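**Student:** As numbered in our numbering, residues 84 to 263 make up the sequence shown, in order. Sending over a structure as structure tokens; questions will come in a sec.
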Amino acid sequence: SNTSQRANGQPAALNTPGDAQTSMNGAVQTVTENDFIRGNPNAPLMFVTYMSYDCPSCKSYYFTMQRTIIEQGLDGLVGWTFRPLPPKGDTEIAHSAYCAEELSTQDGFWDYSDIVFDSRDTARPVNRNNLVQYASSTGISTEAFTECQSSERHKNKITELAAEARASVDETPPYTVLMY
84 SNTSQRANGQ
94 PAALNTPGDA
104 QTSMNGAVQT
114 VTENDFIRGN
124 PNAPLMFVTY
134 MSYDCPSCKS
144 YYFTMQRTII
154 EQGLDGLVGW
164 TFRPLPPKGD
174 TEIAHSAYCA
184 EELSTQDGFW
194 DYSDIVFDSR
204 DTARPVNRNN
214 LVQYASSTGI
224 STEAFTECQS
234 SERHKNKITE
244 LAAEARASVD
254 ETPPYTVLMY
């Protein structure tokens, strides 16, 4: 996808939040090189979103932000950070997104997220039986993806992210707007 970037490996350093910050949920979350960023990673306006793949309104929000980033382009005024927030007690779907990123050649997290959100009915949760198929459709080896899923090697990262999010948000899709 030509509208996706991950901050990690970018030549320009990410901005750090200054005094001009607006938070929609009361807590400003700093964007780091480990975040998944679509659009301009150094944009003056950065949306930080915690979303569950199962959240009905998250699907609509996801595609609204995707259109915004496409309209703005890679050098636009807007960047978007998506932090997968698993439903309480269920890390499988969030873990699958991290596996997709790990195993893909480029933009795996975003390609996988596009397919997951596009494939699910808004009123229903993601069908967990289709996760391997979704990964395969992005070109990821089904064997490697299945091994990554069963290893749960990203579970600690997801658990920490969920704890961070739940300290300041009650439901999805909460977002924070950082202005630089």
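Even for Gly, the Cβ is constructed at its ideal location relative to N, Cα and C. If you're wondering where the values come from, they're calculated on a predicted model, not measured in any experiment.
Can you check whether the CB of Leu186 is closer than 8 Å to the CB of Tyr133?
**Tutor:** Against a cut-off of 8 Å, the Cβ pair of Leu186 and Tyr133 comes out as no contact.
**Student:** The beta strand (DSSP E) that contains Thr164, what's its start and end?
**Tutor:** Per DSSP, Thr164 belongs to the beta strand (DSSP E) from Val161 to Pro167.
**Student:** Nearest-angstrom Cα distance between Gln93 and Val161?
**Tutor:** Below a pLDDT of 50, predicted positions are generally treated as unreliable, and Gln93, at 34, falls in that range; the measurement from the model is reported next regardless. Their backbone Cα atoms lie some 16 Å apart in a straight line.
**Student:** Assuming Thr164 contacts Ile120 (C-beta within less than 8 Å), just tell me the rounded distance between them.
**Tutor:** Confirmed, about 5 Å.
**Student:** Along the beta strand (DSSP E) that carries Arg249, what are the first and last residues, could you check?
**Tutor:** Segment Lys238 to Arg249 is the alpha helix (DSSP H) holding Arg249; no beta strand (DSSP E) there.
**Student:** Evaluate Ala227 with the Cβ neighbour count: other Cβ atoms within 10 Å of its Cβ, from every protein chain shown; 16 or more gives buried, anything less gives exposed.
**Tutor:** Under this definition Ala227 is an exposed residue.
**Student:** Which of the three DSSP states is assigned to Thr132 in this structure?
**Tutor:** Of the three classes helix, strand and coil, the one that applies to Thr132 here is strand, per DSSP.
**Student:** Would you call the segment 193-208 and the segment 233-253 in contact, with 3 or more CB pairs under 8 Å?
**Tutor:** At 8 Å Cβ cutoff, the stretches do not touch.
**Student:** Which word fits Thr174, buried or exposed, when buried means at least 16 other C-beta atoms lie within 10 angstroms of its C-beta?
**Tutor:** By the 10 Å Cβ count, Thr174 comes out buried.
**Student:** Could you compute how far the alpha carbon of Ser155 sits from the alpha carbon of Thr225?
**Tutor:** The residue you asked about is not Ser; residue 155 is Gln in the sequence shown. Between Gln155 and Thr225, the C-alpha separation is close to 34 Å.
**Student:** If you draw a straight line from the alpha carbon of Arg207 to that of Gln216, how long is it in whole angstroms?
**Tutor:** Rounded to whole angstroms, Arg207 to Gln216 spans 18 Å at the Cα level.
**Student:** Given this structure, state the Cα-to-Cα distance separating Asn125 from Val209, to the nearest angstrom.
**Tutor:** Those two C-alpha atoms are separated by around 32 Å.
**Student:** Are the beta-carbon atoms belonging to Thr205 and Pro139 less than 8 Å from one another?
**Tutor:** Going by C-beta atoms, Thr205 is nearer than 8 Å to Pro139.
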